[in-house]
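Numbering (full-length UniProt numbering), first residue to last: 1 to 195. C-beta: ideal position from N, C-alpha, C; glycine also.
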């Protein structure tokens, strides 16, 4: 029963809007699906590393997290505002080059996980609630950690697929789409800062 609860939590956390999913959607629409796929793979790998670290240092992280939470929130807020600015500028100047294509890479996807409070809080809670209390040996824990990372990858990738499927519709309303995506990132950034 606990595994079903964990899977429901994982799917809801992975498929709902957040920085990873919004960026995957933007990359697939403005560049191509390959860019979104690279970014999604980076998100999956970064999230896997985050889950592994959370599992290894579960009690230590819980003790230290309140002390670094504000710093992480501020850093994430600034980074998400930067991404929102770049997306909105690509609408104003009508050029995709104003948004650096390198941000859609594997490395950016990995790095975003370590400043993404949604992902960090999710990793801490899912590990401490569903994995370490039930499974004490790392060989028992590892399959669940890999499963959670795969669910996270597919959550982000699904948004990239949506961007690809609706590319022509979005292209007709590109300026509005980019401003909505930038606005969503600002909304996420403000929520991170306020909570």
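Length of the line joining the Cα atoms of residue i and residue j
i: residue 17; j: residue 11; result: 12 Å
i: residue 98; j: residue 55; result: At residue 98 the pLDDT is 47, less than 50, meaning the model places this residue with poor confidence; the figure from the coordinates comes in the next sentence. Spanning the two alpha carbons is a distance of roughly 39 Å.
i: residue 24; j: residue 49; result: 19 Å
i: residue 33; j: residue 138; result: 35 Å
i: residue 14; j: residue 156; result: 7 Å
i: residue 122; j: residue 169; result: 33 Å
Terminal residues of the alpha helix (DSSP H) in which residue i lies
i: residue 21; result: 19-30
i: residue 9; result: 2-15
i: residue 105; result: Counting along the chain, residue 105 falls outside any alpha helix (DSSP H), and DSSP gives it neither H nor E.
Cβ pair residue i, residue j closer than 8 Å
i: residue 109; j: residue 43; result: yes
i: residue 182; j: residue 77; result: no
i: residue 31; j: residue 119; result: no
i: residue 19; j: residue 71; result: no
i: residue 88; j: residue 191; result: no
Selection from the options that minimises the alpha carbon distance to residue i
i: residue 5; options: 89, 88, 85 and 129; result: 129
i: residue 140; options: 168, 180, 36 and 52; result: 52
i: residue 75; options: 115, 151 and 181; result: 115
i: residue 154; options: 142, 2, 45 and 26; result: 45
i: residue 173; options: 3, 29, 9 and 2; result: 29
i: residue 22; options: 125, 144, 39 and 147; result: 39
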